[in-house]
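Q: The structure is given below, and queries will be raised subsequently.
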Amino acid sequence: MTSISHLRRLAASTLFGLLCMGGAHAADLQADGPLSLIVSYHATPANRAALRQELQGEGVKRFEQFKQQGLLSNYHLLFGRYADNDNLDAVAVLAFPDTAALSRWKKIEQDTPGGLPRKALALASSIQTAPADLVRRGGSGAAAADSVFMVIPYQLMIPASEYVKYADGYVLPQFDGWIKEGVLKHYEILLDRYGAGRPWSAMVLLEYKNDAALAERESVVSRVRARLKDDPQWKAISDDKHHIRNELQLVIADPLVAR
Numbered sequence: 328m329t330s331i332s333h334l335r336r337l338a339a340s341t342l343f344g345l346l347c348m349g350g351a352h353a354a355d356l357q358a359d360g361p362l363s364l365i366v367s368y369h370a371t372p373a374n375r376a377a378l379r380q381e382l383q384g385e386g387v388k389r390f391e392q393f394k395q396q397g398l399l400s401n402y403h404l405l406f407g408r409y410a411d412n413d414n415l416d417a418v419a420v421l422a423f424p425d426t427a428a429l430s431r432w433k434k435i436e437q438d439t440p441g442g443l444p445r446k447a448l449a450l451a452s453s454i455q456t457a458p459a460d461l462v463r464r465g466g467s468g469a470a471a472a473d474s475v476f477m478v479i480p481y482q483l484m485i486p487a488s489e490y491v492k493y494a495d496g497y498v499l500p501q502f503d504g505w506i507k508e509g510v511l512k513h514y515e516i517l518l519d520r521y522g523a524g525r526p527w528s529a530m531v532l533l534e535y536k537n538d539a540a541l542a543e544r545e546s547v548v549s550r551v552r553a554r555l556k557d558d559p560q561w562k563a564i565s566d567d568k569h570h571i572r573n574e575l576q577l578v579i580a581d582p583l584v585a586r
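Under this note's numbering, the first residue of the sequence shown carries the number 328, and numbering increases by one thereafter.
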């Protein structure tokens, strides 16, 4: 009779082989350094509503100007839907076109930390900034006012390069399936380049079309996974994914967009 330990070793060996196969989508981190920043903002409960108002007004205007000036290639400015002392209130995910543009951010950071307008800065209780690599994205279209984002942080238990291969083999087929189902608009996967001491090392952004689409999340996940289980490579990774990452507390957030 085959022992349980032998089966576990066999499953681990199969998973390792699948991850090492890579493929056309496998990519290393940006050679010249990370070109994204994930900036998390926190406020006291008493200042939360005022912070949102400032970000929706001057905050969006400022980040739009950065984009028009070529400093940013893209950005997401999101505000957590629910007050939660254990999580962020707002987050800006900033993408820079090149290292020269990222270098210019130093001056903005010196004058207005986190890129915040001064009134919003006065309302923030703390800011955390993480340089990150945008390693995967899919879908299309600019965020609309009725879009809903899920911001999902993870702790990785394997090297970043192996996680990218795991994402290609296991995660992206699901995200692409959700897009085909008509509920998901866009997704991004970012890796914290300097993660020592941080609670998370990878962050996933999922943009749903609206609240109705988000409400379908569980049923759509089940349908897509049921189809993917017929793929032996996908199923092998699925059976052992707990050894790859731990999912942390997610945030449901609304996009703050130019009006």
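Every residue, glycine too, gets a C-beta built ideally from N, C-alpha and C.
1) Short check: CB of K512 to CB of S474, under 8 Å?
2) Given D503, which residues of its chain have a CB within under 7 Å of its CB, disregarding the five upstream and five downstream residues?
3) Pick from A422, V491, P582, Y368: whose alpha carbon is nearest that of A529?
4) In this structure, what does DSSP give as the bridge partners for D581?
5) At what residues does the beta strand (DSSP E) containing D519 begin and finish?
6) Do I479 and V531 have their C-beta atoms closer together than 8 Å?
7) Measure from the alpha carbon of F476 to the alpha carbon of each residue in S367, K394, L404, then state which is nearest.
8) Buried or exposed: where does E515 fall if 16 or more other Cβ atoms within 10 Å of its Cβ makes it buried?
9) How many Å lie between Y497 and I564 at the Cα?
10) What is the DSSP secondary structure of D460, counted as helix, strand or coil?
11) Return the CA-CA distance between K388 and A427, expressed in angstroms with no decimal places.
12) Can you find the residues in the same chain that come closer than 6 Å, C-beta to C-beta, to S340, ignoring five residues on each side of it along the sequence?
13) Rounded to whole angstroms, what is the Cα-Cα separation between L597 and R572?
14) Please determine if the region 440-451 and the region 375-390 are in contact, where contact requires at least 3 C-beta pairs separated by less than 8 Å.
A: Well, looking at it:
1) With a cutoff of 8 Å on beta-carbon distance, K512 and S474 are scored as near each other.
2) Shown here for D503: same chain residues with a beta carbon closer than 7 Å to its own, the five before and five after excluded, namely G465 in chain order.
3) With distances taken between Cα atoms, A529 lies closest to V491.
4) Paired residue(s): F406.
5) Looking at the DSSP string, the run of the beta strand (DSSP E) that includes D519 is 511-519.
6) Yes; because the gap between Cβ atoms is below 8 Å, this pair is in contact.
7) Nearest option by C-alpha distance: L404.
8) Result: buried.
9) Near 6 Å, if we compare the C-alpha coordinates of I564 and Y497.
10) Strand.
11) Taking the straight line from one Cα to the other gives about 23 Å.
12) Residue confidence for S340 is low, a pLDDT of 39 falling below 50, so the modelled location carries little weight and cannot support an answer.
13) Missing from the structure shown is residue 597; the chain here goes from 328 to 586 and no further.
14) Yes, the region 440-451 touches the region 375-390.
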